[in-house]
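All letters in the sequence shown, in the order written, are residues 3 to 138 by the working numbering.
Backbone N, C-alpha and C fix where the C-beta goes; we use that ideal spot for every residue, glycine too.
Note that the coordinates shown come from a computational prediction; the quantities given were computed from them, not determined experimentally.
Take a look at the structure set out below.
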Amino acid sequence: LILKEYGMVHAMRSFIEKTQNITEIKFTIADHLEGRFDETLETTMYRTLVELTNNSIKYSKAKHINYSFNYENGELKINYKDDGVGFDYQKAIDNHSGFGLLNLQNRIKKLRGYYLYNTSPGKGVEVYISIKTKYE
């Protein structure tokens, strides 16, 4: 209901408020958006960010998770970053243990978007998502 009524950033803030009660991780959101987007896009991005956050909580040993939301040149740009232990991305894909990673990739592709997953052991995780779209 929060997602549909108020959008993905507000829904993420609500999710983080609840999540902070069960983890020591510190969360920050930089929101530079001036409007809302298509409901399918917002729902997909919200679910993607929740999945990334849950993975960080379970596996990363992160102390901080940062989200940033920007819109420039007709593109929604989302950046997700944690300071956890990171992992070998290609190895996870090759070993089929990265099912969630492939799911993320497919979600972004369905929106005709681009994403870059930057991680390695000891380096945390950074995910950059860019989707051509316009405000509703």
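Item	Value
Bounding residues of the beta strand (DSSP E) (the contiguous stretch that carries I133)	V127 to K134
Opposing strand residues paired with I67 [DSSP bridges]	F29 and D84
Selected residue, minimal CA-CA separation from F89, among E36, G124, S99 and L118	G124
Beta-carbon spacing of F39, Y117 below 8 Å	no
For T135 and T42, the rounded distance between their alpha carbons	12 Å
Proximity winner among N72, E77, L54 and G86, relative to K63 (alpha-carbon distances)	G86
According to DSSP, residues forming a beta bridge with L78	Y73 and I133
Continuous alpha helix (DSSP H) stretch holding N57: start and end	E41 to N57
At least three beta-carbon pairs within less than 8 Å, the stretch 65-75 to the stretch 22-41	yes
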